[in-house]
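S.K.: Structure below; questions to follow.
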Amino acid sequence: MALVVALVVATGASLALGAVKLPIGEVIDILLGRGGSAPNHQIVEALRLPRTVEALAVGAALGVAGAVLQGALANPLASPDVIGVTGGAGFGAILILIAFPAQIALVPVAALCFGLLAAALVFGFAWSGRNRGSTGKIVLAGIAMLSLFTAATTGLLASFPERAPSALFFIAGGLTNAGWEGLRTTWPYFAVGGLLAALLIRPLDRLALGDDVAASLGSRPQLIRLGAGISAALLAAAAAAIAGLLGFLGLVVPHVVRMAGGTSSQTFVVPASAIGGAALLAGADTLARTVRAPIELPVGPFMVILGVPVFLWLLRKAV
Amino acid sequence: MTMAALLEARGVTVSIDGTEIVREADLDLAAGELVAIVGPNGAGKSTLVRAVAGLQRPSAGAVSWSGRDLRRMRGRELARARAFVPQRMPVPAGVSVREAVTIGRSALLRPLGRMTGADREGIDRAIGRAGVDAFAERPLATLSGGELQRVQIAIGLAQEAPVLIADEPTSQLDLGAAIDVAGLLRRLVDEGLGALIVVHDLALAAAVADRVVVVHDGRTEATGAPATVLDRERLTRVWGADAHLSAADGRTALHVAWLGRGTEKGHFFKPSVRGGR
């Protein structure tokens, strides 16, 4: 309930606040097509609305990706980083920004492709040989892949130091005023990843009682983990394509939701992580572009700096 | 005990990493029958029950549940055929007993299907039959080993399968809790359930089981009434123990020469005898 209120407030603030402050009443009028002045119309429809929707989609996607992975791998450290998506997406984007700066429009596509490629490699390795599909194998393959792509990214940046600044915004993570462009290419990935996550809620609850109980209940533990990995890879790669590397959100939101809700039941954690992630990113993005307006702070570091104390405070209270 | 066979396993062989753990094992189970699988450590007991339950793929042999080939069974059909109760399940934080049993029941739902009133009744029934009503609203993390074992059985009962398979349900429990769980399983079987239980405690097996199956070196080498199958000769050959079972008035005991050869008069040992070994 508190989460839904936070979501509504964050969405309202995100639409109304910015370099130009609009009264919330006028925002609602504009959205309902009942008037408002022409320039404000322009601000809301071309800038604020797409940016807010992006923040909500990216925040929800990362929250769900983290929740699904932590559930599937029974590992509190799991996040889209751990299956290599973040590393791959970062490499893809930086590759375009540094090696093909003229093709800047390809950044989201490259982030998406390399993010999914990295995840595919992780699952390819984790599903081969003995003990295939075990948690340990997935996590280790993921960390290896993350290191590989991070090293490649760092190598690129070091080779072309004069072009590194253009890559910084992507690495820091943040939303832009690019209108509906980002969502137009990525929405199918959000949709499929989200639907898969919804289908996985019950199987993940079974998996929480152990592989044996899950198997007793007719589920296949390895298949659940594979499905969770695919869902998280789609969601996180699409999120990275739009907003750069915001891995912290995927790691922390499910934990906050579990600690605040007092249960690790996925029926609660997965939807609550979606709402919480959306509210957090929309709220943080609003703050990031208002505190020093008209300068926009990158939302990634901004969110981490504000988020870590809250997280540590919750951690201290948790069992 | 002449009811229709719920489980029929023939020639089951399981290889793990090239090593044959179970070799051409046979296993049967009927409704209202409690069968105890006994044998030394590493004999292949757990692997055998995991294979017939569909948790481990056999490399050869045939397993059928109520006449249906295990290899063709998936998802809800498998959940409805048998419930598997592991030795000890992990305990997710903040999940209550009732929520855990609800997860068990969810095995009967279609993907994204909703719980109906019948499902909620099924959950209540499972909680009642397993005798966990007194702590149904408590978080799993606060339960004792014995209570948790009963909850695991309740999760299995929520599947409404005619067979419950339990892997060493009592081996981590104290005496009182073990009596509790053994009594619960026996009661459920008397109500018509079929149960397949891996046990180490031969005295317990002799007390609760209708039949024992001895697994030795991956083979099912004997099956029958506990008193006949668990004779002195077999205890020596299979377990390397100088021991015998006794049963009277519903009490069973395993008399073991713990420190080697016992004397005829039943002294445990004499220092001189022990020194002379």
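Protein chains in written order, with this note's numbering: chain X, 8 to 326; chain S, 946 to 1222.
Every residue gets a Cβ at the ideal spot worked out from N, C-alpha and C, and that includes glycine.
Keep in mind it's a predicted model, so treat the numbers as computed, not measured.
For my contact list, Val-65/X and Ile-208/X are in at a C-beta cut-off of 8 Å; report their separation, rounded to the angstrom.
M.R.: To locate residue 65/X, count along the first sequence from 1; it is residue 58. To locate residue 208/X, count along the first sequence from 1; it is residue 201. The Cβ separation is near 21 Å, so there is no contact.
S.K.: What does the alpha-carbon distance come out to for the pair Gly-94/X and Ala-159/X?
M.R.: The residue labelled residue 94/X in the question sits at position 87 within the first sequence. The residue labelled residue 159/X in the question sits at position 152 within the first sequence. Whole-angstrom Cα-Cα distance: 9 Å.
S.K.: With Leu-56/X and Leu-22/X assumed to form a contact (beta carbons below 8 Å), what rounded beta-carbon distance in angstroms separates them?
M.R.: Residue mapping note: residue 56/X aligns to position 49 of the first sequence, counting from 1. Residue mapping note: residue 22/X aligns to position 15 of the first sequence, counting from 1. Indeed they touch by this definition, with Cβ atoms about 7 Å apart.
S.K.: I'd like to know whether the C-beta of Arg-232/X is nearer than 9 Å to at least one C-beta of chain S.
M.R.: What you label residue 232/X is simply residue 225 of the first sequence in a count that begins at 1. By this cut-off, Arg-232/X is not an interface position.
S.K.: Do Ala-1099/S and Ala-1127/S count as a contact pair if the criterion is CB distance below 9 Å?
M.R.: Translated into positions along the second sequence, residue 1127/S becomes position 182. Translated into positions along the second sequence, residue 1099/S becomes position 154. Their beta carbons are not under 9 Å apart, which means Ala-1127/S does not touch Ala-1099/S by this criterion.
S.K.: In terms of residues, what are the limits of the alpha helix (DSSP H) holding Leu-1173/S?
M.R.: On the second sequence, residue 1173/S is found 228 positions in, with the first residue counted as 1. Residue 1173/S is actually Thr in this sequence, not Leu. Looking at the DSSP string, the run of the alpha helix (DSSP H) that includes Thr-1173/S is 1171-1174.
S.K.: If we ignore side chains and look at the alpha-carbon of each, how far apart do Gly-268/X and Leu-321/X end up?
M.R.: Taking the first residue of the first sequence as position 1, residue 268/X is located at position 261. Taking the first residue of the first sequence as position 1, residue 321/X is located at position 314. Computed Cα separation, rounded: 11 Å.
S.K.: Between the beta-carbon of Ala-81/X and the beta-carbon of Ala-215/X, is there less than 9 Å?
M.R.: In the first sequence, the residue the question calls residue 81/X occupies position 74. In the first sequence, the residue the question calls residue 215/X occupies position 208. In contact: Ala-81/X and Ala-215/X (Cβ atoms closer than 9 Å).
S.K.: Could you run through the segment 210-235 of chain X and flag, in chain order, every residue whose CB is less than 7 Å away from some CB of chain S?
M.R.: For the segment 210-235 of chain X, the residues whose beta carbon sits under 7 Å from a beta carbon of chain S are, in order, Asp-212, Arg-213, Ala-215, Leu-216, Gly-217, Asp-219, Val-220, Ala-222, Ser-223, Leu-224, Gly-225.
S.K.: May I have the straight-line CA-CA distance separating Ala-384/X from Ile-101/X, to the nearest angstrom?
M.R.: Any property of residue 384/X remains undetermined from this structure, which presents chain X solely from 8 to 326.
S.K.: Of all Cβ atoms in chain X, is any one closer than 9 Å to the Cβ of Gly-1205/S?
M.R.: Taking the first residue of the second sequence as 1, we reach residue 1205/S at position 260. False, the Cβ-Cβ gap to chain X never drops below 9 Å.
S.K.: Is the segment 1025-1033 of chain S touching the segment 1102-1112 of chain S, taking contact as three or more C-beta pairs under 8 Å?
M.R.: Touching, yes, given that three or more Cβ pairs across the two stretches are closer than 8 Å.
S.K.: Going residue by residue through the segment 66-119 of chain X, where are the continuous alpha helix (DSSP H) segments of at least 4 residues, counting only ones entirely within it?
M.R.: Counting only runs of 4 or more, we get 92-106.
S.K.: If you draw a straight line from the C-alpha of Ala-988/S to the C-alpha of Glu-965/S, how long is it?
M.R.: Residue mapping note: residue 988/S aligns to position 43 of the second sequence, counting from 1. Residue mapping note: residue 965/S aligns to position 20 of the second sequence, counting from 1. Each residue's alpha carbon lies about 11 Å from the other.
S.K.: I want to verify the contact list: residues of chain X whose CB lies under 8 Å from the CB of Ser-1051/S, in sequence order.
M.R.: Counting from 1 along the second sequence, the entry for residue 1051/S is found at position 106. Neighbours of Ser-1051/S on chain X, chain order: Arg-209, Asp-212, Arg-213, Leu-224.
S.K.: Specify the secondary structure class of His-1189/S as computed by DSSP and reduced to three states.
M.R.: Along the second sequence, read from residue 1 onward, the residue named residue 1189/S stands at position 244. Correct three-state label for His-1189/S: strand.
S.K.: Got a sec: which bits of the segment 163-179 of chain X sit with their beta carbon under 8 Å from any beta carbon on chain S, in order along the chain?
M.R.: none
S.K.: Please report whether the beta-carbon of Thr-142/X lies at a distance below 9 Å from any beta-carbon of chain S.
M.R.: Here residue 142/X refers to the residue found at position 135 when the first sequence is read from its first residue. No - not a single Cβ of chain S is within 9 Å of the one on Thr-142/X.
S.K.: In three-state DSSP terms, what is Trp-320/X?
M.R.: Counting from one through the first sequence, the residue named residue 320/X turns up at place 313. DSSP places Trp-320/X in helix when its eight states are reduced to three.
S.K.: Do we get a CB-CB distance below 9 Å when we pair Ala-1045/S with the residues of chain X?
M.R.: Here residue 1045/S refers to the residue found at position 100 when the second sequence is read from its first residue. Cβ-Cβ to chain X under 9 Å: yes for Ala-1045/S.
S.K.: For Leu-69/X, tell me which candidate among Leu-29/X, Ala-286/X, Ala-17/X has the shortest Cα-Cα distance.
M.R.: Working through the first sequence from its first residue, we reach residue 69/X at position 62. Closest option to Leu-69/X, Cα to Cα, is Ala-286/X.
S.K.: Thinking just about the alpha-carbon of each residue, which of Arg-968/S, Gly-977/S, Val-957/S is nearest to the one in Gly-1137/S?
M.R.: Taking the second sequence and counting its residues from 1, the one referred to as residue 1137/S is at position 192. Here the closest residue by C-alpha is Gly-977/S.
S.K.: DSSP puts Leu-216/X in a beta bridge; with which residues?
M.R.: Looking up residue 216/X in the first sequence gives position 209. Answer by DSSP bridge pairing: none, since Leu-216/X is not bridged.
S.K.: List the residues of chain S whose Cβ lies closer than 7 Å to the Cβ of Leu-63/X, in chain order.
M.R.: Position 56 of the first sequence, counted from the first residue, corresponds to residue 63/X. Those do not exist, as Leu-63/X stays about 23 Å from chain S at its closest Cβ, beyond 7 Å.
S.K.: Kindly indicate if chain X contains any beta-carbon less than 9 Å away from that of Leu-1015/S.
M.R.: Position 70 of the second sequence, counted from the start, is the residue given in the question as residue 1015/S. Not flagged as an interface residue toward chain X: Leu-1015/S, since no C-beta distance is shorter than 9 Å.
S.K.: Hey, could you find the ends of the beta strand (DSSP E) Arg-1009/S is sitting in?
M.R.: Here residue 1009/S refers to the residue found at position 64 when the second sequence is read from its first residue. The sequence as given places Ser at residue 1009/S; Arg does not occur at that position. From DSSP, the beta strand (DSSP E) with Ser-1009/S extends over 1005-1010.
S.K.: Pro-21/X CB to nearest chain S CB: under 9 Å?
M.R.: Taking the first sequence and counting its residues from 1, the one referred to as residue 21/X is at position 14. It is worth fixing the name first, because residue 21/X is Ser in this sequence and not Pro. Judged by the 9 Å Cβ criterion, Ser-21/X is not in contact with chain S.
S.K.: Check Val-129/X in the structure and name its three-state DSSP category.
M.R.: Here residue 129/X refers to the residue found at position 122 of the first sequence. Three-state result, Val-129/X: helix.
S.K.: Is there contact between the segment 1112-1124 of chain S and the segment 954-968 of chain S, where contact requires at least three CB pairs shorter than 8 Å?
M.R.: no
S.K.: Cα-Cα, which of Gly-1205/S, Thr-1197/S, Glu-1166/S is closest to Pro-985/S?
M.R.: The residue labelled residue 985/S in the question sits at position 40 within the second sequence. Nearest of Gly-1205/S, Thr-1197/S, Glu-1166/S to Pro-985/S, Cα basis: Glu-1166/S.
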